[in-house]
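Number of protein chains: 2
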Amino acid sequence: MTPPRQLHLNAFLMSTGHHEASWRLPESNSHAGTDVAHFQRLAQTAERGKLDSIFFADSPVLHGNVAQRPYGGLEPTVLLAAIAAVTERIGLIATASTTYNEPYNLARRFASVDQISGGRAGWNVVTTAGDAAAKNFSLAGQPAHSQRYERAAEFLDVAKKLWNSWEDDAIVADKAAGVWADSSRVHPANHRGTHFQVEGALDVPRSAQGHPVIVQAGSSENGKDFAARYAEAVFTAHQTLADAQAFYSDLLQRTAAAGRDPDSIKILPGIVPVIGSTEEESLRLERELDELILPEHARNQLAGLLRVSPESLQLDAQLPDGLLSEDEIEGAKSRYTLIVNLARRERLTVRQLIGRLGGGRGHRTFSGTPEQVADAIQGWFQAGAADGFNIMPPVLPSGLETFVDQVVPILQDRGLFRREYTGQTLREHFGLAKPANSFERVPQPA
Amino acid sequence: MTPPRQLHLNAFLMSTGHHEASWRLPESNSHAGTDVAHFQRLAQTAERGKLDSIFFADSPVLHGNVAQRPYGGLEPTVLLAAIAAVTERIGLIATASTTYNEPYNLARRFASVDQISGGRAGWNVVTTAGDAAAKNFSLAGQPAHSQRYERAAEFLDVAKKLWNSWEDDAIVADKAAGVWADSSRVHPANHRGTHFQVEGALDVPRSAQGHPVIVQAGSSENGKDFAARYAEAVFTAHQTLADAQAFYSDLLQRTAAAGRDPDSIKILPGIVPVIGSTEEESLRLERELDELILPEHARNQLAGLLRVSPESLQLDAQLPDGLLSEDEIEGAKSRYTLIVNLARRERLTVRQLIGRLGGGRGHRTFSGTPEQVADAIQGWFQAGAADGFNIMPPVLPSGLETFVDQVVPILQDRGLFRREYTGQTLREHFGLAKPANSFERVPQPA
Ligand SMILES: Cc1cc2nc3c(=O)[nH]c(=O)nc-3n(C[C@H](O)[C@H](O)[C@H](O)COP(=O)(O)O)c2cc1C
Ligand SMILES: Cc1cc2nc3c(=O)[nH]c(=O)nc-3n(C[C@H](O)[C@H](O)[C@H](O)COP(=O)(O)O)c2cc1C
Numbered sequence: 001m002t003p004p005r006q007l008h009l010n011a012f013l014m015s016t017g018h019h020e021a022s023w024r025l026p027e028s029n030s031h032a033g034t035d036v037a038h039f040q041r042l043a044q045t046a047e048r049g050k051l052d053s054i055f056f057a058d059s060p061v062l063h064g065n066v067a068q069r070p071y072g073g074l075e076p077t078v079l080l081a082a083i084a085a086v087t088e089r090i091g092l093i094a095t096a097s098t099t100y101n102e103p104y105n106l107a108r109r110f111a112s113v114d115q116i117s118g119g120r121a122g123w124n125v126v127t128t129a130g131d132a133a134a135k136n137f138s139l140a141g142q143p144a145h146s147q148r149y150e151r152a153a154e155f156l157d158v159a160k161k162l163w164n165s166w167e168d169d170a171i172v173a174d175k176a177a178g179v180w181a182d183s184s185r186v187h188p189a190n191h192r193g194t195h196f197q198v199e200g201a202l203d204v205p206r207s208a209q210g211h212p213v214i215v216q217a218g219s220s221e222n223g224k225d226f227a228a229r230y231a232e233a234v235f236t237a238h239q240t241l242a243d244a245q246a247f248y249s250d251l252l253q254r255t256a257a258a259g260r261d262p263d264s265i266k267i268l269p270g271i272v273p274v275i276g277s278t279e280e281e282s283l284r285l286e287r288e289l290d291e292l293i294l295p296e297h298a299r300n301q302l303a304g305l306l307r308v309s310p311e312s313l314q315l316d317a318q319l320p321d322g323l324l325s326e327d328e329i330e331g332a333k334s335r336y337t338l339i340v341n342l343a344r345r346e347r348l349t350v351r352q353l354i355g356r357l358g359g360g361r362g363h364r365t366f367s368g369t370p371e372q373v374a375d376a377i378q379g380w381f382q383a384g385a386a387d388g389f390n391i392m393p394p395v396l397p398s399g400l401e402t403f404v405d406q407v408v409p410i411l412q413d414r415g416l417f418r419r420e421y422t423g424q425t426l427r428e429h430f431g432l433a434k435p436a437n438s439f440e441r442v443p444q445p446a
Numbered sequence: 447m448t449p450p451r452q453l454h455l456n457a458f459l460m461s462t463g464h465h466e467a468s469w470r471l472p473e474s475n476s477h478a479g480t481d482v483a484h485f486q487r488l489a490q491t492a493e494r495g496k497l498d499s500i501f502f503a504d505s506p507v508l509h510g511n512v513a514q515r516p517y518g519g520l521e522p523t524v525l526l527a528a529i530a531a532v533t534e535r536i537g538l539i540a541t542a543s544t545t546y547n548e549p550y551n552l553a554r555r556f557a558s559v560d561q562i563s564g565g566r567a568g569w570n571v572v573t574t575a576g577d578a579a580a581k582n583f584s585l586a587g588q589p590a591h592s593q594r595y596e597r598a599a600e601f602l603d604v605a606k607k608l609w610n611s612w613e614d615d616a617i618v619a620d621k622a623a624g625v626w627a628d629s630s631r632v633h634p635a636n637h638r639g640t641h642f643q644v645e646g647a648l649d650v651p652r653s654a655q656g657h658p659v660i661v662q663a664g665s666s667e668n669g670k671d672f673a674a675r676y677a678e679a680v681f682t683a684h685q686t687l688a689d690a691q692a693f694y695s696d697l698l699q700r701t702a703a704a705g706r707d708p709d710s711i712k713i714l715p716g717i718v719p720v721i722g723s724t725e726e727e728s729l730r731l732e733r734e735l736d737e738l739i740l741p742e743h744a745r746n747q748l749a750g751l752l753r754v755s756p757e758s759l760q761l762d763a764q765l766p767d768g769l770l771s772e773d774e775i776e777g778a779k780s781r782y783t784l785i786v787n788l789a790r791r792e793r794l795t796v797r798q799l800i801g802r803l804g805g806g807r808g809h810r811t812f813s814g815t816p817e818q819v820a821d822a823i824q825g826w827f828q829a830g831a832a833d834g835f836n837i838m839p840p841v842l843p844s845g846l847e848t849f850v851d852q853v854v855p856i857l858q859d860r861g862l863f864r865r866e867y868t869g870q871t872l873r874e875h876f877g878l879a880k881p882a883n884s885f886e887r888v889p890q891p892a
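In order, the protein sequences belong to chains A and U.
Okay, so the first sequence: first residue is 1 according to this note's numbering, each after it adds one.
Okay, so the second sequence: first residue is 447 according to this note's numbering, each after it adds one.
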């Protein structure tokens, strides 16, 4: 009997948790966002649960109003390095922007995290929506959505050339002869493109997994095409099984159309598990958290997202007519559409929509017992909607501990999830092949 | 009796050590450059010696010929984060370029390392000499020396505004009222300059030491003026006491002329200590290392530095006439002059010059017993040439272990160096004040 297909689980970590109001709970650490020990413990908890990876979002901007909830924190590549030092196996994924970085800088930083962690690094490639970020980088406003994705594609081409600089066996270290590396096995990038000219070789030798796992998290048309070409794992947000299934098969088709094996991309929708020992308890926890949301704050935030004035949103009415279409949005297109569709489909009032978004910013919130959460995961997994999940605990650290201690064992008992790590690298956890170095291995004359 | 003025000691770390040929020793780790455990142990050794700090150089380029010695390694800000996780007190200084970074990115990354380490971070600000680096960043060649320093000055202005974004008490964390931060105490940078427009606030709250210690390491005229305006610690290279004294008093005068307290800048010349239990043993060690240098390799490297053809350098003759003057050098001006002056003053042959440079790339090599090394340090320190030293062990880890175990205790016995850390932050180790936040603290209405 072949064992059932295996789930992949990533823990998406975020200061006091994904619920907007989690910071207001008595147990929450008000300085969690800059507390490295908090994140190191979370990573160790996720590793105890044998999760594939942890993940940090990122945007080079202080977005949002700090009066209303914690914003800001630690730049995630340096945070991952500090976590690498206190973990052994778990994958380490950081977000970084292709719009506001240079490929040489970012390729070497991720390669360094990959070396430091023994091949456990992943890069969530984003194009960074919003004018506020642009204004931190000497621009008047964000480049157009399609331009951002064009630059992202060339950025990835350059990064892959750089990660290809050193062949695996380039370092010969012949002390007697005084030859450290075989220079015929170290290759300059020689990239001359539209956005970038990058001549040299990377200054970091190839890591145990070849190069960091490429993750992607935008679900617009441009985003899906980019994922089909480059991504090895995809984070995404869906409210319904049908949407998730449609996304899953769409992306697999695009991946095949791009000439890649559909098995070389792992799709992980987000889930915000609100876990109680009974269903009632989980619903009470969810309600208590929602009641801590300040409606004015949430309304302002929603208005910004929908590009309308706060006054046009009435808390106990549905969304007004005449909203923009996705085509007109230059920021985060797919998130916009998801939110508008959710409100229209379920005929939610603004107040109800705020509750739904407060929990997971458009991700699927699921309240229930550990058994019910495991069922929800297994259901989508086996219905062709997911290769695994992006676990977004509403409250941290408690929500991750509960997941690891109560949900993971059920998934293990069902044969769906590893009991021990079988690999060392993030690629091995995800079941992804190590990319070959593209240079032919010409045998050296003796 | 007032205790004598205290020395500051920094350990400059570099794969297998500063001697060019150190990698060829039987005990050297051929993969040291990418081995995080190697660097973590070195940092722990330096911390055992109560040193002020460790330091990593950096350039975003694979410079040099990898056939001839180890080049490349780990990007130093992520490396420092991994080291922060396994140390408690020692300062952590990384080099980063103002020419090939954006201020928002770098300010947040250093602020993050500063948070992760509890206020132990320092940034060695460099402008990055050389065309090879420029060609990794879509440029045909390096910007002119003066332009690089102009950009560096504005870069620092922006970084300081960003580090000034959050007042120390900005986070009020009033859970009951639902107010996380006092938004009147978080300030946008609002920088509109020649090279940069940066609008927003930093997304990292202020660290325990206010902001990372600013270190500088270029000694050209532009470099010294930059140091006088911005630097809190300066690494420098001198071969003679007279040169070091002249540099020291020049820089203190410039610092005063820039309106700063001369005590707010600490000057640390480099020293490469080759330590033996007898003077003969130390000289034998130095000779053994020098004999491992491949002269062809070193001649090519020297020719590149001097901008002449390798053939024009004859191993057993002095440097040819007609070399460029410092004015004509757009790369590392002060290093160029130091090397030419050293060769001319001591009438060195190319082979002898290569030996001197192989040990410390222009830094002062000192061979002797632990007692003699301590004397050399004390001598310059008390002759107005230094506030401390940049210790550059020729071989690592052994050279650092010997320094910590045999030289540090002598300096401690002489009352010149701390026996225990008295502070927590790098600023406290260096005796530097925490920079005030420039925004007035308007008392809030009750
Ligand atoms: C789980 C998840 C995490 C994300 N994290 C980030 C992030 O950290 N930074 C960012 O700029 N965008 C992030 N995004 C993507 C944005 O939400 C948005 O979709 C993207 O910036 C634009 O993509 P699109 O217009 O193709 O949808 C994330 C998306 C998902 C689903
Ligand atoms: C101890 C020491 C360390 C240095 N480290 C670096 C470095 O890591 N990266 C770099 O580009 N320059 C570094 N420099 C500076 C260069 O040697 C060179 O002086 C500088 O790039 C240009 O400065 P100048 O032209 O003002 O002398 C260092 C200098 C010293 C003394």
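For glycine and all other residues, C-beta sits at the position ideal for the given N, C-alpha and C.
Owing to the predicted nature of the structure, the values given are computational and were not obtained by experimental measurement.
| query | result |
| --- | --- |
| When the Cβ atoms of the region 585-605 of chain U are set against those of the region 543-558 of chain U, are three or more pairs found closer than 8 Å? | yes |
| So is U:R494 in contact with chain A if we call contact Cβ pairs under 8 Å? | no |
| Looking at U:Q499 and ligand 2, is the gap between the Cβ and the nearest heavy atom below 7 Å? | The sequence shown places Ser at residue 499 of chain U, not Gln. No; taking the cut-off as 7 Å, the Cβ of U:S499 has no heavy atom of ligand 2 nearer than that. |
| Which parts of the region 541-603 of chain U are runs of the beta strand (DSSP E), unbroken and 3 residues or longer, counting only runs that do not cross its ends? | 567-572 |
| Between U:W609 and chain A, is there a C-beta pair that is closer than 8 Å? | no |
| Would you please verify whether the beta carbon of A:P212 is less than 8 Å from any beta carbon of chain B? | No chain B is present in this structure, whose protein chains are A and U. |
| Could you tell me the alpha carbon to alpha carbon distance between U:D709 and U:V604, rounded to whole angstroms? | 24 Å |
| Could you name the residues of the same chain whose beta carbon sits closer than 7 Å to that of A:P76, not counting the 5 residues immediately before and after it, in chain order? | F56, D58, A94 and T95 |
| Consider the Cβ of A:S466: report whether some Cβ of chain U lies at a distance smaller than 8 Å. | Outside the displayed range of chain A (1 to 446) lies residue 466 of chain A, so it cannot be described from this structure. |
| With respect to 7 Å, is the separation between the Cβ of U:N570 and the closest non-hydrogen atom of ligand 2 below this value? | yes |
| Applying the 10 Å Cβ sphere with the 16-neighbour rule, what's the burial state of A:Q301? | buried |
| If the criterion is Cβ atoms closer than 8 Å, does the pair U:A492 and U:A457 meet it? | yes |
| Going by the DSSP bridge assignment, what does U:H637 pair with across the sheet? | U:V644 |
| Helix, strand or coil: how does DSSP classify A:H8 here? | strand |
| How big is the Cα-Cα spacing for U:R807 and U:T480? | 22 Å |
| Mind listing the chain A neighbours of U:P719? Cutoff is C-beta to C-beta under 7 Å, in chain order. | Neighbours of U:P719 on chain A: none; closest Cβ ~24 Å, over 7 Å. |
| Measuring CA to CA, which of U:R652, U:A622, U:L608 and U:Y694 is closest to U:D615? | U:R652 |
| Near U:G869, which residues of its chain fall below 7 Å by C-beta distance, leaving aside the five closest residues on each side in sequence? | H875 |
| Kindly indicate which residue of U:F642, U:G750, U:E792 and U:D671 has the alpha-carbon position closest to the one of U:Y782. | U:G750 |
| Could you pull out every residue in the same chain whose Cβ sits closer than 6 Å to the Cβ of A:G210, ignoring the five residues on either side in sequence? | K434 and P435 |
| Check the Cβ of A:V215 against every Cβ in chain U and list those closer than 7 Å, keeping chain order. | By Cβ distance, chain U contributes nothing, its closest Cβ being about 18 Å from A:V215, past 7 Å. |
| Report the residue from A:L285, A:G368, A:L251 and A:L139 whose alpha carbon sits nearest the alpha carbon of A:A231. | A:L251 |
| Can you tell me whether DSSP reads U:S771 as helix, strand or coil? | coil |
| Please state if the CB of A:I275 and the CB of A:P409 are separated by a distance shorter than 8 Å. | no |
| Nearest CA to the CA of U:P719: which residue from U:R810, U:F583 and U:A627? | U:R810 |
| Kindly indicate if chain A contains any beta-carbon less than 8 Å away from that of U:A831. | no |
| I need the straight-line Cα distance from A:L324 to A:L306, nearest angstrom please. | 8 Å |
| Whose C-beta lies closer than 6 Å to the C-beta of U:S665 among residues of the same chain, with five residues either side of it excluded? | T682 and S780 |
| Quick check: does the Cβ of U:F458 come within less than 7 Å of any heavy atom belonging to ligand 3? | This structure lacks ligand 3; its bound ligands are ligand 1 and ligand 2. |
| At which residue ranges does the region 830-889 of chain U contain complete alpha helix (DSSP H) runs of 4 or more residues, listed in the order of the chain? | 844-848, 854-859 and 872-876 |
| Cβ-heavy atom distance between U:K779 and ligand 2 below 7 Å? | yes |
| Flag U:N636 as yes when its Cβ comes closer than 7 Å to any non-hydrogen atom of ligand 1, and as no otherwise. | no |
| So U:G565 packs on U:S499, CB below 8 Å; how close in whole Å? | Not confirmed; about 12 Å, so no contact. |
| Mind checking if A:K333 is an interface residue toward chain U, Cβ cutoff 8 Å exclusive? | no |
| So, are the CB atoms of A:N222 and A:H145 less than 8 Å apart? | yes |
| Return yes when the C-beta of U:T848 is under 7 Å from any heavy atom of ligand 2, and no when it is not. | no |
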